[in-house]
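Note that the numbering used here has the sequence shown beginning at 191, numbered continuously upward. Yeah, the Cβ is synthetic: ideal placement off N, Cα and C, and Gly gets one too. Just so we're clear, the structure is a prediction, and the values are computed from it rather than from any experiment. Structure first, commentary second.
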Amino acid sequence: MSKHKLLGVKPKSGEAQRLQQSLLDYHHYRHEHRSPQSDRTQAVAALQAVQMARLTETHKDLIESPRYHEALVFLLNDLYAPKNLMQRDADLERIFPKIVKLLPQKLLGVMADLTDLNMLTQQLDDRLLDALAEDFAALIKPTTDSEPRETGLAARIAGLSQGEYAAAFRRCDNKDARQRQIQLTRTLGLELERYVTSRSILFALQISEGAAEMAGLAELHGFLMRGFTAFRNMGGVAELLDIVSNRESALLEHLYSHDAETLRHMEKPFKL
């Protein structure tokens, strides 16, 4: 049904056209590879928890900084490891005909980049999950005949060591895609910062809150407001984005420069 709504709109602006194509591409991927009822859901949630724990540990000093705290929490929760990603995606797709009228045109390009980032993040998570499932295949045994194997995988991932994570991460062999994820996250942050000083856009978001809730846009609207508020309060977001992207890029290089067998001996678990 949502796909028909997407195809039923003839966008007039370049931003709206790009958002429409991004949503169509993402619709295809989600329906081919993801399902809310899938047994993989628990394993995906466990992997996301592990990755959030890693991000929190890597950027602990920034989280504890009064200046950076609010903006970094937004980056981690809404861009790097979004908890409500599926709901936000469904919102975007379902109300595309309304969003091209309700939101300022400038923000439609931001939404297109957000959609691209969401799809890339899910693709990377799915590939890493497959690698972990292969690594743990011989160790995962359901406790009952009715318990799916993916439940065992979720439990195994919850106790993942840093070495196990790093070895599977490296075996995915998608370094370029990981670097693109880092750069796209930075780009999104810079785009949001560019518009936080726009009184007209901020006013449009403020007065559209009620309409957004009525239209089922609460999660999407909340994302925009959280980003605008955090970045507006902090100021100079580019500095934070540079620190985070440089750290993530350095970590990526580190993961790909070490021998997989050496990484497997890193027994320290993630702090969930």
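Does the Cβ-Cβ distance between residue i and residue j come in under 8 Å?
{"i": "ILE372", "j": "SER439", "result": "yes"}
{"i": "HIS217", "j": "GLU283", "result": "yes"}
{"i": "PHE264", "j": "ALA420", "result": "yes"}
{"i": "TYR270", "j": "LEU430", "result": "no"}
{"i": "LEU209", "j": "THR305", "result": "yes"}
{"i": "ASP303", "j": "ARG416", "result": "no"}
{"i": "ASP281", "j": "LEU380", "result": "no"}
{"i": "HIS464", "j": "VAL427", "result": "Given that the chain is displayed from residue 191 to residue 462, the structure contains no residue 464 and the question cannot be resolved."}
{"i": "VAL290", "j": "LEU297", "result": "no"}
{"i": "TYR385", "j": "MET309", "result": "no"}
{"i": "LEU293", "j": "LEU266", "result": "no"}
Please list the terminal residues of the continuous alpha helix (DSSP H) segment that includes residue i.
{"i": "HIS218", "result": "204–223"}
{"i": "ASN267", "result": "Where ASN267 is concerned, there is no enclosing alpha helix (DSSP H), given that its DSSP letter is neither H nor E."}
{"i": "HIS448", "result": "Looking at the DSSP string, HIS448 is not in any alpha helix (DSSP H), and its letter there is neither H nor E."}
{"i": "GLU293", "result": "The sequence shown places Leu at residue 293, not Glu. Unbroken run through LEU293: none, as it is neither H nor E."}
{"i": "TYR385", "result": "365–386"}
{"i": "LYS250", "result": "250–253"}
{"i": "GLY412", "result": "408–424"}
Using the Cβ count rule (16 or more neighbours within 10 Å means buried), how would you classify residue i?
{"i": "ALA261", "result": "buried"}
{"i": "GLU383", "result": "buried"}
{"i": "ASN349", "result": "Per the sequence shown, the amino acid found at residue 349 is Gly instead of Asn. Per the 10 Å Cβ criterion, exposed."}
{"i": "ASN423", "result": "exposed"}
{"i": "ALA367", "result": "exposed"}
{"i": "LEU197", "result": "exposed"}
{"i": "GLU354", "result": "buried"}
{"i": "TYR255", "result": "A small correction: the amino acid at residue 255 is Ser; Tyr does not occupy that position in the sequence shown. Classification of SER255: exposed, given that the 10 Å Cβ count is below 16."}
{"i": "ASP279", "result": "buried"}
{"i": "LYS200", "result": "exposed"}
Considering only residues of the same chain and omitting the five flanking positions on each side of residue i, which have a CB-CB separation below 6 Å?
{"i": "PHE326", "result": "ARG346"}
{"i": "GLN295", "result": "SER203, GLU205"}
{"i": "ALA236", "result": "ALA344, ILE347, ALA348"}
{"i": "GLN211", "result": "none"}
{"i": "GLN207", "result": "PRO201"}
{"i": "ARG376", "result": "LEU431, SER435"}
{"i": "MET191", "result": "Caution applies to MET191, whose pLDDT of 46 falls short of 50 and renders its modelled position unreliable; the value that the coordinates give is listed next. So the list is empty, once near-sequence residues are dropped."}
Who are the near neighbours of residue i in its chain, counting only those whose CB is closer than 7 Å to its CB and skipping five residues on each side?
{"i": "ALA233", "result": "LEU319, GLU340, LEU343, ALA344, ILE347"}
{"i": "ALA358", "result": "LEU318, ALA321, LEU322, ASP325"}
{"i": "SER388", "result": "none"}
{"i": "HIS223", "result": "ASP316"}
CB-CB under 8 Å to residue i, same chain, minus the five flanking residues each way: which ones, in chain order?
{"i": "CYS362", "result": "LEU314, ARG317, LEU318, ALA321"}
{"i": "ALA365", "result": "First, the amino acid is wrong: residue 365 is Lys here, not Ala. Closer than 8 Å at the Cβ level, and outside the excluded window around LYS365, lie LEU442, TYR446."}
{"i": "LEU378", "result": "LEU269, VAL300, ASP303, LEU304, LEU307"}
{"i": "LEU214", "result": "LYS193, LEU196, LEU197"}
{"i": "LEU374", "result": "ASP303, ASP306, LEU307, LEU310"}
{"i": "ARG370", "result": "LEU310"}
{"i": "GLY412", "result": "none"}
{"i": "LEU252", "result": "TYR258, HIS259, LEU262, LEU430, ILE433, VAL434"}
{"i": "ARG437", "result": "THR248, HIS249"}
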